[in-house]
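Each residue of the sequence shown is one higher than the last, beginning at 1460 in the working numbering. Ideal placement from N, C-alpha and C gives every residue a C-beta, glycine not left out.
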Amino acid sequence: MSGIRQRAIDACYEQALKSYHEGGLPIGSTLTRGDEIIAVGHNRRVQQGNPILHGEMDCLQNAGRQTSYRDCTLYTSLSPCMMCSGTIVQFKIPHVVICENRSHLREPQFRRERAVPARSWRCRRHRRRSPLHRIDGALHCRERRAMGGRHRRLNRTRLSLANPGAARHGNGMIIAVDGPTASGKGTIARALAAHFGLPHLDTGLLYRAVGRQCALNGGNPDDPADARAACTFPDSLLDDPELRSEATGGLASRVSIHSDVRKALYERQRSFATQPGGAILDGRDIGTVIAPEADAKLFVTASVEARAERRHSEMLEQDRAVSIEDITADLAARDKRDRTRKDSPLVVAEDALVIETSGLRREEAIAAAIAAVDALLAEHR
Ligand SMILES: Nc1ncnc2c1ncn2[C@@H]1O[C@H](COP(=O)(O)OP(=O)(O)OP(=O)(O)O)[C@@H](O)[C@H]1O
Ligand SMILES: Nc1ccn([C@@H]2O[C@H](COP(=O)(O)O)[C@@H](O)[C@H]2O)c(=O)n1
């Protein structure tokens, strides 16, 4: 790849990364003339709350007024939208290099019809036609594939920030994952967090800490005052391995019916959900109470038998001898308590997508969840 082209593509990537670190959409742009980079820019829609500050627009603004763009090339890390394509046509910019367009292919027909009709669209070396890359036809197809990879990886981490819900919270989206115990919601929430690059909070852990603290205080988890007093647990308790035990799960389910406990834990969960950059939370009432405005809501469920089986295997792995009958009875009791309590019961939020994981392996359940979130976000766009 020629020197200027490589430098321009690298600059696009650096700009996209800069935006990513600012909590924005990872889209960068570079304007070149001959061997010179005239300007760079990145998408600042989220950072500035400015709906038209796309990467290409920011770059052109940074370049200032140019007498002519006829000898310029605009590089952009992602396929330009209708607005940016219109600007490219308006400014008569003859060459556009799109670093990757598989994550988000936008306005190809518009550009095909209007943008740069006189160019050859074949890979110079392979003479291969590439319909998706009509305006970066000057690149060798292997070069395109190589540069596309890293841009694509970056884009996939944050593209979902483009939805309107993201703007509501400054610069992020909220994903709510609810469901009964051992349904696999934690497994799914952690995988979604890694996929979308979001921080994750397992809210069950907070209720478990209250249950555990109540026991440490010698209190009665069914007594509202004892349960309330346990809400001031030290943060270090969250690292206590005992929190993960079934016994503590049972205590958590008992303290969680008290309204004062739910009120005491609300603010902590709410500020996590609304932090800049977005968040993913799993629990029982995330989509209904903690973040009813969440951009994507999933309700993960599975039959009692499948859940008991999973919990049983988990315990066998930890060398804990518990009968499957006992586990089933405990799950059923917790389900009933969670579903029938007055304050914030476990229900499917109206706008949630239900994922039934009984017949799905972990990877299949995760793939279904990612597809469901993508579909929900696409509805918002
Ligand atoms: N689709 C699946 N198939 C088989 N096992 C699964 C699946 N999803 C999760 N598991 C396993 O089931 C167990 C419970 O999963 P996980 O902890 O994600 O559930 P949870 O709903 O978050 O539970 P809790 O309410 O206790 O926090 C774990 O051992 C996990 O590895
Ligand atoms: N948002 C939440 C989360 C949990 N609970 C209660 O805590 C118990 C333990 O939760 P796990 O997810 O770790 O199993 C659970 O049984 C609920 O009673 C809650 O009420 N709200």
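Open item on the list: For A1498, list the residues DSSP reports as bridge partners.
Closed with: To locate residue 1498, count along the sequence shown from 1; it is residue 39. A1498 pairs with L1490.
Open item on the list: Tell me which residue opens and which closes the beta strand (DSSP E) that L1740 is part of.
Closed with: One-based indexing of the sequence shown puts residue 1740 at position 281. G1737 to G1742 is the span of the beta strand (DSSP E), which, as asked, contains L1740.
Open item on the list: Only counting the same chain, and skipping five residues up and downstream in sequence, which positions put a Cβ closer than 8 Å to that of A1831?
Closed with: Your numbering for residue 1831 matches position 372 in the sequence shown. Contacts found: A1755, L1757, L1812 and I1814.
Task: Delimiting residues of the alpha helix (DSSP H) encompassing E1764 - done: Here residue 1764 corresponds to residue number 305 of the sequence shown, with the count starting at 1. E1764 -> alpha helix (DSSP H) spans V1763 to E1776.
TODO: State the CB to CB distance for the pair V1556 and P1539, rounded to an integer number of angstroms; the pair is presumed to be in contact (CB under 8 Å).
DONE: Locating residue 1556 in the sequence shown gives position 97, counting from the first residue. Locating residue 1539 in the sequence shown gives position 80, counting from the first residue. Actually they do not touch by this definition, with Cβ atoms about 11 Å apart.
Task: Residue interval of the beta strand (DSSP E) (run including Y1528) - done: Taking the sequence shown and counting its residues from 1, the one referred to as residue 1528 is at position 69. Taken as a continuous stretch (DSSP letters only), Y1528 belongs to no beta strand (DSSP E), as it is neither H nor E.
Open item on the list: Any heavy atom of ligand 1 inside 7 Å of the beta-carbon of A1641?
Closed with: Numbered from its first residue, the sequence shown carries residue 1641 at position 182. A1641 Cβ: within cutoff of ligand 1.
Open item on the list: Whether or not the segment 1667-1685 and the segment 1709-1728 are in contact is what I'm after, with contact meaning three or more pairs of Cβ atoms, one per stretch, closer than 8 Å; do they touch?
Closed with: Segment contact: the segment 1709-1728 against the segment 1667-1685, three or more CB-CB distances shorter than 8 Å; contact assigned.
- [ ] Would you mind reading off the limits of the alpha helix (DSSP H) that contains E1815?
- [x] Here residue 1815 refers to the residue found at position 356 of the sequence shown. For E1815, no alpha helix (DSSP H) segment is defined; the enclosing uninterrupted segment is the beta strand (DSSP E) at L1812 to E1815.
TODO: Would you tell me roughly how many angstroms separate the C-alpha atoms of T1491 and A1475, rounded to the nearest one?
DONE: Position 32 of the sequence shown, counted from the first residue, corresponds to residue 1491. Position 16 of the sequence shown, counted from the first residue, corresponds to residue 1475. Approximately 17 Å between the Cα atoms of the pair.
TODO: Sort out for me which residues DSSP pairs H1846 with in a bridge.
DONE: In this structure the chain extends from 1460 to 1840, so residue 1846 is not present and cannot be described.
Task: Cα-Cα separation between A1470 and P1510, rounded to whole angstroms - done: Looking up residue 1470 in the sequence shown gives position 11. Looking up residue 1510 in the sequence shown gives position 51. The C-alpha of P1510 is placed about 23 Å away from the C-alpha of A1470.
Open item on the list: Is D1699 a contact residue of ligand 1, with contact defined as CB to any heavy atom under 7 Å?
Closed with: Translated into the one-based positions of the sequence shown, residue 1699 becomes position 240. Set against 7 Å, the gap from the CB of D1699 to the closest heavy atom of ligand 1 is not smaller.
Task: CA-to-CA distance, Q1465 to G1709, given in whole angstroms - done: Locating residue 1709 in the sequence shown gives position 250, where the first residue counts as 1. Locating residue 1465 in the sequence shown gives position 6, where the first residue counts as 1. Going from the Cα of G1709 to the Cα of Q1465 covers about 59 Å.
TODO: Compute the Euclidean distance between the alpha carbons of C1518 and G1483, then round it to the nearest angstrom.
DONE: To locate residue 1518, count along the sequence shown from 1; it is residue 59. To locate residue 1483, count along the sequence shown from 1; it is residue 24. Each residue's alpha carbon lies about 16 Å from the other.
Task: Bridge-paired residues (DSSP) for T1760 - done: In the sequence shown, the residue the question calls residue 1760 occupies position 301. Beta-bridge pairing links T1760 to E1815.
Task: Check: Y1666 C-beta below 7 Å from any heavy atom of ligand 2 - done: Counting from 1 along the sequence shown, the entry for residue 1666 is found at position 207. Checking the Cβ of Y1666 against ligand 2 gives yes.
Open item on the list: Quick check: the Cα distance between F1655 and I1633, rounded to an integer number of angstroms?
Closed with: For this step, residue 1655 is matched to residue 196 along the sequence shown. For this step, residue 1633 is matched to residue 174 along the sequence shown. Rounded to the nearest angstrom, the two C-alpha atoms are 11 Å apart.
Task: Residues of its chain near L1835, where Cβ-Cβ distance is below 8 Å and the 5 sequence neighbours each way are ignored - done: The residue you call residue 1835 lines up with position 376 of the sequence shown. Cβ within range, chain order: D1754, A1755, K1756 and L1812.
Task: D1785 to R1649 span [Cα, whole Å] - done: Numbered from 1 along the sequence shown, position 326 holds the residue referred to as residue 1785. Numbered from 1 along the sequence shown, position 190 holds the residue referred to as residue 1649. Each residue's alpha carbon lies about 28 Å from the other.
Task: Nonlocal neighbours in the same chain, by C-beta distance under 6 Å from E1822, ignoring five residues either side - done: Working through the sequence shown from its first residue, we reach residue 1822 at position 363. For E1822, where only same-chain residues beyond five positions count, there are no Cβ hits under 6 Å.
- [ ] Output the distance between the C-alpha atoms of E1752 and E1809, rounded to the nearest integer angstrom.
- [x] Translated into the one-based positions of the sequence shown, residue 1752 becomes position 293. Translated into the one-based positions of the sequence shown, residue 1809 becomes position 350. Roughly 12 Å between the two C-alpha positions.
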